[in-house]
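See structure below.
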Amino acid sequence: MVYPLFEQEALETGARLIIAMLAGMAIGLNRDLQNKPVGMRTLGLVSLGSALAVLACTGYGSLHFGQDAASRVIQGILTGVGFLGAGVILHDRGRMQIHGLTTAATVWIAAALGVTAGVGAWLITVLGSGLALLLLVGGGPLERVLERLIIGRSTPESEDQES
Numbered sequence: 438m439v440y441p442l443f444e445q446e447a448l449e450t451g452a453r454l455i456i457a458m459l460a461g462m463a464i465g466l467n468r469d470l471q472n473k474p475v476g477m478r479t480l481g482l483v484s485l486g487s488a489l490a491v492l493a494c495t496g497y498g499s500l501h502f503g504q505d506a507a508s509r510v511i512q513g514i515l516t517g518v519g520f521l522g523a524g525v526i527l528h529d530r531g532r533m534q535i536h537g538l539t540t541a542a543t544v545w546i547a548a549a550l551g552v553t554a555g556v557g558a559w560l561i562t563v564l565g566s567g568l569a570l571l572l573l574v575g576g577g578p579l580e581r582v583l584e585r586l587i588i589g590r591s592t593p594e595s596e597d598q599e600s
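Written out as C-alpha cells, the structure is:
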C-alpha cells in the first residue's frame, strides 16, 4: 500500500528520517569545524541510513516484523558502523599516539541517533544529540583543565593547541 504524502503515518515516517539526518548533521558540523575527516554530510548519511534500516525492519504498510527482527537489524547497524568508524582511526608510530578515536565515536553516535529517531524515540534523540554536542564542544577544554589540576602538567595535545 502506498501512503498519500500527507497521511499521518507518512508524516511520522518523514519526521523520523529528517530528525535522524539533522541529529547526525549536528554532530558532523562539530567535526567539520574541527577540520576532522568525517563531517556533516557523512554523519548525516550514517544517521539517516540507520533510521532507514530501523524503519524498514519494524514494518511498513501491511508488512510488520517482530521485535527480534528489529533487534537484529539494530545490532547489525551498530556493529557495522563500528567498522566504518575504525577506518578513521590512525596510529602514528613515530609519536606513539592514536588519532581519530573521537571522530570514530561520532560515527557510532550518529548511527545510534539514527536508530533512536527511526524508532520514534524523540526525547532520546534530542537529548542524545544535545549531550553529544555538549561533550564534543566542552569536553576538550574541560579535559585539559582537569589534567592541569589533577596531574599538574599540560598534555602534548594541549601544548599543540595553545601555540
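My numbering applies: residue 438 is where the sequence shown begins, and numbers increase by one. No residue lacks a Cβ here, since even glycine has one placed at the ideal position from N, Cα and C.
Scanning its chain for C-beta atoms nearer than 8 Å, with the 5 sequence neighbours on each side dropped, one finds around Thr-562 the residues Ile-456, Ala-457, Ala-460, Leu-550, Thr-553, Ala-554, in chain order. Restricting attention to Leu-573, Thr-540, Gly-576, the CA atom closest to the CA of Val-483 is found in Thr-540. Checking the DSSP bridge columns, you'll see Leu-527 partnered with His-536.
C-alpha of Thr-479 to C-alpha of Ala-488: approximately 14 Å in a straight line. Rounded to whole angstroms, the separation of the alpha carbons of Gly-567 and Met-462 is 12 Å. It is roughly 44 Å from the alpha-carbon of Arg-585 to the alpha-carbon of Val-510. Distances from the alpha-carbon of Gly-513 to those of Gly-537, Ile-526, Ala-490, Asn-467 put Ala-490 closest.
The beta carbons of Gly-575 and Trp-545 sit no closer together than 8 Å. Contact annotation: Thr-543 and Leu-492 have beta-carbon atoms that are not nearer than 8 Å. Our two residues, Gly-481 and Lys-473, have alpha carbons roughly 15 Å apart in a direct line.
Within the same chain, Glu-449, Arg-453 come within 8 Å of Gly-557 by CB-CB distance, once the 5 residues on both sides are set aside.
In this structure, DSSP gives Val-510 a helical state, which the three-state scheme calls helix.
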